[in-house]
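Right, one structure below, let's go through it.
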Amino acid sequence: RHIGIGLANYVEATGRGPFEPVRVRIGGNGRIHVASGATAMGQSTNTMLAQIVAEQLGGDIANVTVTTGDSAAIERGMGGFNSRQAVIAGSSAHAAARAVREKALFVAGHLLEAAIEDLELVGPDVRIKGVAQKRIGLGAIARTLEGLPGYPLPGGAAPGLEAEESVIIDDMVYSNGTAVAEVAVDIETGAVEITRFTIAHDCGKLIHPQIVEGQIVGGIAHGIGNALFERMAFDEQAQPLTTNLGDYLLTGATEMPPIEIIHRQSPAAFNDLGIKGVGESGVIPTPAAVIAAIEDALSPFGVRIAQAPLSPPAIVDLIERANRAEIS
Numbered sequence: 020r021h022i023g024i025g026l027a028n029y030v031e032a033t034g035r036g037p038f039e040p041v042r043v044r045i046g047g048n049g050r051i052h053v054a055s056g057a058t059a060m061g062q063s064t065n066t067m068l069a070q071i072v073a074e075q076l077g078g079d080i081a082n083v084t085v086t087t088g089d090s091a092a093i094e095r096g097m098g099g100f101n102s103r104q105a106v107i108a109g110s111s112a113h114a115a116a117r118a119v120r121e122k123a124l125f126v127a128g129h130l131l132e133a134a135i136e137d138l139e140l141v142g143p144d145v146r147i148k149g150v151a152q153k154r155i156g157l158g159a160i161a162r163t164l165e166g167l168p169g170y171p172l173p174g175g176a177a178p179g180l181e182a183e184e185s186v187i188i189d190d191m192v193y194s195n196g197t198a199v200a201e202v203a204v205d206i207e208t209g210a211v212e213i214t215r216f217t218i219a220h221d222c223g224k225l226i227h228p229q230i231v232e233g234q235i236v237g238g239i240a241h242g243i244g245n246a247l248f249e250r251m252a253f254d255e256q257a258q259p260l261t262t263n264l265g266d267y268l269l270t271g272a273t274e275m276p277p278i279e280i281i282h283r284q285s286p287a288a289f290n291d292l293g294i295k296g297v298g299e300s301g302v303i304p305t306p307a308a309v310i311a312a313i314e315d316a317l318s319p320f321g322v323r324i325a326q327a328p329l330s331p332p333a334i335v336d337l338i339e340r341a342n343r344a345e346i347s
């Protein structure tokens with residue numbers, strides 16, 4: 020077996036604007052409802068939005084219900100693409116939750132007869148600092164803002180404990196990183212084993228590290244498929260030949276190498292959360308790193324690779340052609 024190492028750097032433009040509305044509302048039972056046009060496609064958008072909102076409104080993510088991609092819940096939305104959900108929808112969720120928090124403190128100040136600066140939000144309650152028994156729940160504040168006939172709302176507040184925000188972000192933010200693949204190539208059969216894969220990346224502040232790692236690992240699996248397995252084949256009449264998963268091969272668990280992920284966090288300057296998108300950070304550098312590692316392993320034969328995917332027969336053919344060229 021011949022050993023090789025390949026490296027690939029990448030820059031990913033993320034967070035395409037201009038906006039993604041998010042509405043945050045607290046019901047009379049204290050439950051937090053979030054609605055967004057952001058579309059969840061397996062990247063844990065709902066969890067991300069719930070976490071951002073919960074951090075502003077008591078910290079209990081289990082108390083947050085998120086509805087995405089439903090025009091009955093929110094009228095506008097641009098959807099999920101270009102690694103934009105956390106950057107754009109997340110920024111709007113943060114702003115909306117902060118507005119709800121400020122309104123809750125304002126109303127609680129009137130109800131508790133205290134200055135806003137003397138109040139704090141602890142769990143589901145607004146309370147006077149240092150006087151734990153002087154408190155009022157977010158649900159009670161929400162019920163108060165539903166109003167009673169003939170009675171003014173506290174402080175002249177608008178009805179409802181809710182806010183909708185569409186943070187406008189015209190400047191994209193750029194994730195970046197480096198991937199290193201280590202491979203072992205059997206020159207007799209052309210079989211490739213990826214023995215180790217390391218990626219160091221910067222997507223700004225991590226909202227949910229486990230979700231980020233899931234995005235990256237999934238992208239690496241996709242990128243390995245691009246490098247080694249996934250091929251669209253057509254006949255002379257342009258009819259597809261790879262029409263099922265027996266012919267169009269995907270990366271399986273047995274093809275996945277040990278993966279080390281190194282997080283580098285430099286906050287983005289164009290949004291309050293300091294975040295950058297991570298949706299394609301795993302897949303972008305992986306094919307280049309794997310193919311570069313295979314080329315490094317085959318460097319004693321003078322092999323240069325300009326094709327993908329690299330099936331075992333393709334690798335054997337590259338070695339044989341390089342040998343013939345050397346002989347001639």
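Residue numbers for the sequence shown follow our numbering, so the first one is 20 and each next one is one higher.
In this text, a Cβ means the ideal position worked out from N, Cα and C, and glycines have one as well.
Bear in mind that the values here come from a model prediction, so they are computed numbers and not experimental data.
Here's the rule I'm using: 16 or more other beta-carbon atoms within 10 Å means buried, otherwise exposed. How should leucine 292 be labelled? By 1-based counting over the sequence shown, the position of residue 292 is 273. Residue environment for leucine 292: buried (at least 16 other C-beta atoms within 10 angstroms of its C-beta).
By Cβ distance below 6 Å, which residues in the same chain neighbour histidine 129 in space, the five residues on each side in sequence not counted? Position 110 of the sequence shown, counted from the start, is the residue given in the question as residue 129. Excluding its 5 nearest sequence neighbours in each direction, histidine 129 has C-beta neighbours in its own chain below 6 Å: Pro173 and Gly174, listed in chain order.
Do the region 251-271 and the region 58-72 meet, that is, are 3 or more Cβ pairs less than 8 Å apart? The region 251-271 makes no contact with the region 58-72, as fewer than three CB pairs between them are under 8 Å.
Report the rounded CA-to-CA distance for glycine 196 versus glycine 238, giving the unit in angstroms. On the sequence shown, residue 196 is found 177 positions in, with the first residue counted as 1. On the sequence shown, residue 238 is found 219 positions in, with the first residue counted as 1. Rounded to the nearest whole angstrom, the C-alpha separation of glycine 196 and glycine 238 is 13 Å.
Taking the alpha-carbon positions, what's the arginine 120 to lysine 153 distance? Here residue 120 is taken as the residue at index 101 of the sequence shown, counted from 1. Here residue 153 is taken as the residue at index 134 of the sequence shown, counted from 1. So the alpha carbons of these two residues sit roughly 18 Å apart.
Which residues in the same chain as glutamate 299 place their Cβ atom closer than 7 Å to its Cβ, once the five residues preceding and following it in sequence are excluded? The residue given as residue 299 occupies position 280 in the sequence shown. Setting aside the 5 residues that flank it on each side, glutamate 299 is surrounded in the same chain by Glu31, Ser102 and Gly238, each with a C-beta closer than 7 Å to its C-beta; the list follows chain order.
Can you give me the Cβ contacts of threonine 214 inside the same chain, cut-off strictly under 7 Å, excluding the 5 residues immediately before and after it? The count along the sequence shown starts at 1 and reaches residue 214 at position 195. Taken in chain order, the residues that qualify are Glu201, Val202, Ala203 and Pro276.
On the DSSP bridge assignment, give the partners of arginine 154 in chain order. Stepping through the sequence shown from its first residue, residue 154 is reached at position 135. DSSP output for arginine 154 lists Arg146 as bridge partner(s).
Three-state secondary structure (DSSP) of isoleucine 324: The residue given as residue 324 occupies position 305 in the sequence shown. Three-state result, isoleucine 324: coil.
Which residues share a DSSP beta bridge with serine 55? The residue labelled residue 55 in the question sits at position 36 within the sequence shown. Listed as beta-bridge partners of serine 55 by DSSP are Val41 and Thr87.
Tell me whether the beta-carbon of valine 192 lies closer than 9 Å to the beta-carbon of phenylalanine 100. Residue mapping note: residue 192 aligns to position 173 of the sequence shown, counting from 1. Residue mapping note: residue 100 aligns to position 81 of the sequence shown, counting from 1. In this structure, phenylalanine 100 does not lie closer than 9 Å to valine 192 by Cβ.
Under a three-way DSSP split, which group does glycine 174 fall into? Locating residue 174 in the sequence shown gives position 155, counting from the first residue. Looking at glycine 174 - three-state DSSP - the assignment turns out to be helix.
Under three-state DSSP, which class holds glutamate 31? Within the sequence shown, the letter at position 12 stands for residue 31. The three-state reading of DSSP puts glutamate 31 in strand, counting E and B together.
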